[in-house]
């Protein structure tokens, strides 16, 4: 009688094994096997990290194996089991791989297909088409869209992390408990003694160093020593944790009435301001989005303030970007002066601090939350709803969706919800962050997520003109590597543009992103359909780059750049100055966050800057969703390209006082998971 050798691999996560009854059956083109008992309680099979083999004997040959069915029956209590994959050796000596990489949590039957990726057009038998359809029907009932706030991209319909499907939950929920992590961070940073000292001001700048001594690192220490310098202020627009706002100024806006007399002493080329603008030496950062946003009112004992500054910057003869004018409000007038480097020391310093604070708010809520976390969640939900596990694009994208829905759900549960942790230290807490996302949605366009296109649109693409923009340089290299990988995979499965057009599952995925994620807004420029392999490659690159590289670039530098509180104040406790010549050091310190808010802020930026345990970085695909040799070769080529980028970045960073490594592929996690 024919015999099949079945090898079962259990996950290595904690509690991944099971003591339940496990049954297996095979379904082939010539018939089905009976249900075989593989394991029963106390047999010590299917333990965490185990690989177990069994012989399954059938009465007659089953033909080509199409489906493999696994069933787990409860012995005593619910015992979840993480099944990595099953390998079947046929009587003819052929090997078939059945990837699973899922938790089996209840007594329902799990049906697997072999690991070869297939488009819908490739499925010829009714049984495979039916399996494909049922999988999506089940997923669409499980992964439901929900509006968290009006105007937001839609998100996952789940009130808490525990409501999520087990497959997308964190392995250890305690590891991502924001309250626990922030409290632990403050304890590790030796600042927990200050955490309840709200309304208690620091004495002076040196006083901030009391919470800095035990936690210094190369960049944060350098920031502490040089944060007052104009060079350091300008450098952060290029390579800090929010390097996405600066753009080349093509015309001085009317709302910023800067004159030549004001800035003449800052210009170094014997040109007028207008001539400097024409030559491309002037840059601008405008925080208009903050205009009209309500400041945090959750603590009646502390009035908090926001500003919407405009900052004009200049490329000097050393090719350094430095500030030359700052206006702290959007409407020019006598009570909204333009601050200059030639002003009194404390006037200029406080103006720069206000810009840094505004930059922090835009970074946290727009650059980080909206444009990486929420957008990545849209891609993730749409993928689960519209792409079956056998689809090549599901296999390509699923590593880049790992834990994204989980971290966002946890954030909505603890961090950015009403009375959440975000309210404790941030001036945009208490609802201001919601207003910001709603306003920022109008600028969330498809082209703005296309990295090279966005850099060019801001006039920041010339390496010759702007030589020290490492975010741009490294980002383009990583973008190109991802795009090349996406093209390689596409050409394996899509032989022509016509095949792209005919892939109804792909088109449903793209439509879901547009209709639910981008709320069907035409002006967003998100495609409703994709008609060519070239456009598909770009679309997949946008997804993978956003979920990996873009998030890494704006997330993991938060402790480096924001731990020195005066360089990134999360709140300001005095209103912006309305006249020059009155600012004192005491006024600046009183404006900065109190001890309690400083400590919550430190705990936050420390926790957010840490990699997950067992982090998977770009190019690492330990879960073998793909089994075909051509895709594995494409992955090897991708990793080789990434290694070359790592080497180039490492070489460039040698002996640099301010190394830039956030876009080094060995520091880019595959997905948004923190």
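In full-length UniProt numbering, the protein residues as written are 1 to 674. No residue lacks a Cβ here, since even glycine has one placed at the ideal position from N, Cα and C. Model, not experiment: these values are computed from the prediction.
Given 8 Å as the limit, is there contact between the region 143 to 155 and the region 513 to 525, that is, 3 or more CB pairs closer than that?
-> yes
Nearest to residue 290 by CA position, among 439, 560, 584, is which residue?
-> 439
Whole runs of the beta strand (DSSP E) within the UniProt domain "PLAT" (2 to 118), excluding any shorter than 3 residues | Within the UniProt domain "PLAT" (2 to 118), the complete beta strand (DSSP E) runs of at least 3 residues are 3 to 10, 21 to 28, 36 to 39, 51 to 57, 65 to 73, 81 to 89, 95 to 104, 109 to 113.
For the ligand SAM, any of its heavy atoms closer than 7 Å to the Cβ of residue 621?
-> You won't find the ligand SAM in this model; it holds no ligand whatsoever.
Assign residue 472 to one of three DSSP states: helix, strand, or coil.
-> DSSP places residue 472 in the helix class (H, G or I) of the three-state scheme.
Which runs of the beta strand (DSSP E) spanning at least 3 residues fall entirely within the region 593 to 620, listed in chain order?
-> none
Residue 376 and residue 409 look like a contact to me (Cβ under 8 Å); what is the Cβ gap, rounded to whole Å?
-> Rounded, the Cβ-Cβ distance is 13 Å, inconsistent with contact.
Assign residue 585 to one of two classes, buried (16 or more other C-beta atoms within 10 Å of its C-beta) or exposed (fewer than that).
-> exposed
Using beta-carbon positions only, say whether residue 75 and residue 19 come within less than 8 Å of one another.
-> Yes. Within cutoff.
Counted within 10 angstroms of its Cβ, other Cβ atoms place residue 663 as buried (16 or more) or exposed = buried
Would DSSP call residue 460 helix, strand or coil?
-> coil
Would you tell me roughly how many angstroms separate the C-alpha atoms of residue 411 and residue 607, rounded to the nearest one?
-> Distance between the alpha carbons of residue 411 and residue 607 is about 13 Å.
What do you get for residue 225, buried or exposed, if any count of 16 or more other CB atoms within 10 angstroms of its CB means buried?
-> Exposure of residue 225 is indicated by the presence of fewer than 16 other C-beta atoms within 10 angstroms of its C-beta.
Give me the Cα-Cα distance between residue 497 and residue 639, rounded to the nearest whole angstrom.
-> Whole-angstrom Cα-Cα distance: 27 Å.
Nearest to residue 50 by alpha carbon, out of 12, 395, 367, 601?
-> 12
Cβ pair count under 8 Å reaching 3, the region 290 to 300 against the region 264 to 274 | no
Nearest to residue 456 (by Cα), restricted to the options 442, 468, 476 | 476
In terms of residues, what are the limits of the alpha helix (DSSP H) holding residue 384?
-> Its alpha helix (DSSP H) spans residues 375 to 386.
Same chain only: Cβ atoms within 6 Å of residue 508, ignoring 5 sequence neighbours per side | 386
Looking at C-alpha atoms only, which residue of 596, 352, 142 is the closest neighbour of residue 237?
-> 352
Top-ranked residue by Cα proximity to residue 323, from 336, 355, 657 = 355
So residue 615 and residue 669 are in contact, right, with Cβ under 8 Å, and what is the actual spacing, rounded?
-> 5 Å
For residue 53, count neighbouring C-beta atoms within 10 Å of its own C-beta (all shown protein chains included) and say buried if the count is 16 or more, exposed if not.
-> exposed
Limits of the unbroken beta strand (DSSP E) element including residue 314 = 310 to 315
Residue 472: which of 106, 136, 246 sits nearest, CA to CA?
-> It is 246 whose Cα lies nearest to the Cα of residue 472.
Assign residue 627 to one of three DSSP states: helix, strand, or coil.
-> coil
Leaving out five residues on either side along the sequence, give the residues of the same chain with a beta carbon under 6 Å from the beta carbon of residue 268.
-> 316, 317
So is residue 622 buried or exposed if we call it buried at 16+ other beta carbons inside 10 Å?
-> exposed
So, are the CB atoms of residue 139 and residue 394 less than 8 Å apart?
-> Going by C-beta atoms, residue 139 is not nearer than 8 Å to residue 394.
Is residue 56 closer than 8 Å to residue 3 when the C-beta atoms are compared?
-> yes
Would you kindly check if the distance between the Cβ of residue 358 and the Cβ of residue 307 is under 8 Å?
-> yes
Return the chain-ordered list of same chain residues with a C-beta closer than 6 Å to the C-beta of residue 23, the five sequence neighbours on each side being excluded.
-> 35, 37, 71
DSSP state of residue 234, grouped into three classes?
-> helix
How would you label residue 428, buried or exposed, when you count the other beta carbons within 10 angstroms and need 16 or more for buried?
-> Here residue 428 is buried, its C-beta having at least 16 other C-beta atoms within 10 Å.
On a CA-only basis, which of 68, 127, 96 is nearest residue 109? Give me that one, please.
-> When each option's Cα is compared against that of residue 109, the closest is 68.
Same chain, Cβ closer than 6 Å to residue 197, five either side skipped, listed in chain order | Reliability fails at residue 197, whose pLDDT of 48 lies under 50, so the model's placement of it is uncertain and the value that follows must be treated cautiously. Around residue 197, the same chain offers 595, 596 as residues with beta carbons nearer than 6 Å, after the five sequence neighbours per side are excluded.
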